[in-house]
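Residue numbers (the numbering used here): 69 to 306.
Note that beta-carbon positions come from the ideal geometry of N, C-alpha and C, so glycine has one too.
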Ligand SMILES: Nc1ncnc2c1ncn2[C@@H]1O[C@H](COP(=O)(O)OP(=O)(O)OP(=O)(O)O)[C@@H](O)[C@H]1O
Ligand SMILES: [Mg+2]
């Protein structure tokens, strides 16, 4: 096994995903391989329907591949029990969606405290960590605001902080700025980059925004069932 493989934060090996479609099968991708190194920020781009969300769901252990292996921190997860998989998802993976899914009746701070309490952390330590993450996202003065009292960009920044509440090493984001206007999207992405670098995360971010993709370390292009390493996209990629 090469060093890059052994040290990978996340690896997908020969992953195939098919869905039932009427009488037949829809094959989204076949024998897909991916290596995400620790500390690497990678864009996942490709046309609508190419399978970006499916790929992220499998990488995030939200969905099992039809065949192939998901390897996190050197260990294959397919052989694990549901309980063990749930624990890995909680401790090692942060997930951000296009919508923020914050709990409306709780403050920004509480939204980041709650997942830590569920994981068994004492409240005081959870609050300190939540405030640290909010501060990294530039939102320390919004900590007592409820989601409805935050702008769309602020809501999404809280959602990113919440995804990191339990100290994962992998961040998976599915069009995290997809609901935002261009300027707000750029601001949220700035904050995402700050926190990804500060925490030394490996991040895989699906986006239709090629300007944002060009700011990441490299881009993976999903197209017609194949994953192509596009390297670092040029600024003129738009
Ligand atoms: N649960 C499911 N059952 C059946 N088909 C599905 C399911 N989830 C996704 N698909 C199909 O798999 C393909 C890939 O979908 P996916 O949502 O992963 O694409 P995407 O690249 O994320 O697209 P977008 O950019 O629009 O978000 C699509 O053809 C979709 O219809
Ligand atoms: Mg999608």
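Terminal residues of the beta strand (DSSP E) in which residue 223 lies: Where residue 223 is concerned, there is no enclosing beta strand (DSSP E), although the alpha helix (DSSP H) it sits in stretches over 220-231.
Which of helix, strand or coil DSSP assigns to residue 234: Residue 234 falls in the coil class under three-state DSSP.
Any non-hydrogen atom of ligand 2 within 7 Å of residue 131 CB: No; taking the cut-off as 7 Å, the Cβ of residue 131 has no heavy atom of ligand 2 nearer than that.
CB-CB length for residue 72 against residue 103, believed under 8 Å: Contact between residue 72 and residue 103 holds, with the beta-carbon distance rounding to 6 Å and staying under 8 Å.
Inter-residue CB distance, residue 302 and residue 288 (contact presumed, cutoff 8 Å): Not confirmed; about 16 Å, so no contact.
8 Å Cβ cutoff met for residue 224 and residue 248: With respect to the 8 Å criterion, residue 224 and residue 248 are classified as neighbours on the basis of their beta carbons.
Start-to-end residues for the alpha helix (DSSP H) that takes in residue 120: That run of the alpha helix (DSSP H) goes 120-127.
Nearest neighbour of residue 107, chosen from 162, 237, 251 [CA to CA]: For the options 162, 237, 251, the alpha carbon positioned closest to that of residue 107 is the one of 237.
Cβ pair count under 8 Å reaching 3, the stretch 216-230 against the stretch 186-203: The answer is yes - the stretch 186-203 touches the stretch 216-230, with three or more Cβ pairs under 8 Å.
Chain-ordered residues, beta carbon under 7 Å from a heavy atom of ligand 2: Any residue whose Cβ sits closer than 7 Å to a heavy atom of ligand 2 makes the list: 120, 121, 242, 243, 274.
Local conformation of residue 203 per DSSP, three classes: Assignment of residue 203 by DSSP, reduced to helix, strand and coil, places it in the helix class.
Alpha carbon of residue 206 to alpha carbon of residue 181, nearest angstrom: Cα to Cα, residue 206 sits roughly 17 Å from residue 181.
Distance cut-off 7 Å: residue 165 Cβ against heavy atoms of ligand 1: For ligand 1, not one heavy atom lies less than 7 Å from the Cβ of residue 165.
Whole-angstrom distance between residue 84 and residue 230, CA atom to CA atom: For residue 230 and residue 84, the distance between alpha carbons rounds to 30 Å.
Residue 305, DSSP secondary structure in three states: With a pLDDT of 47 at residue 305, under the threshold of 50, the modelled position of this residue cannot be trusted, and the question is left open.
Where residue 191 falls: helix, strand or coil (DSSP): Here residue 191 carries a helix assignment [DSSP, helix/strand/coil].
Three-state secondary structure assigned by DSSP to residue 98: Looking at residue 98 - three-state DSSP - the assignment turns out to be strand.
Distance, residue 191 Cα to residue 175 Cα: If you take the alpha carbons of residue 175 and residue 191, they lie about 15 Å apart.
Where the alpha helix (DSSP H) through residue 259 begins and ends: Membership of residue 259 in the alpha helix (DSSP H) is indicated by the continuous run 250-267.
Endpoints, alpha helix (DSSP H) assigned at residue 155: Run containing residue 155: 150-160, per the alpha helix (DSSP H) assignment.
Pair within 8 Å by beta-carbon distance, residue 53 and residue 159: Any question about residue 53 goes unanswered here, given that the chain covers just 69 to 306.
Residue 113 Cβ short of 7 Å to ligand 1 heavy atom set: False, no ligand heavy atom lies under 7 Å from that Cβ.
Distance between residue 251 and residue 157 (C-alpha atoms, nearest Å): When rounded, the distance between both Cα atoms is 32 Å.
Bridge-paired residues (DSSP) for residue 93: Looking at the DSSP output, residue 93 shares a beta bridge with 88.
Ligand 1 heavy atom lying under 7 Å from the CB of residue 27: The first residue shown for the chain is 69 and the last is 306, placing residue 27 beyond what the model contains.
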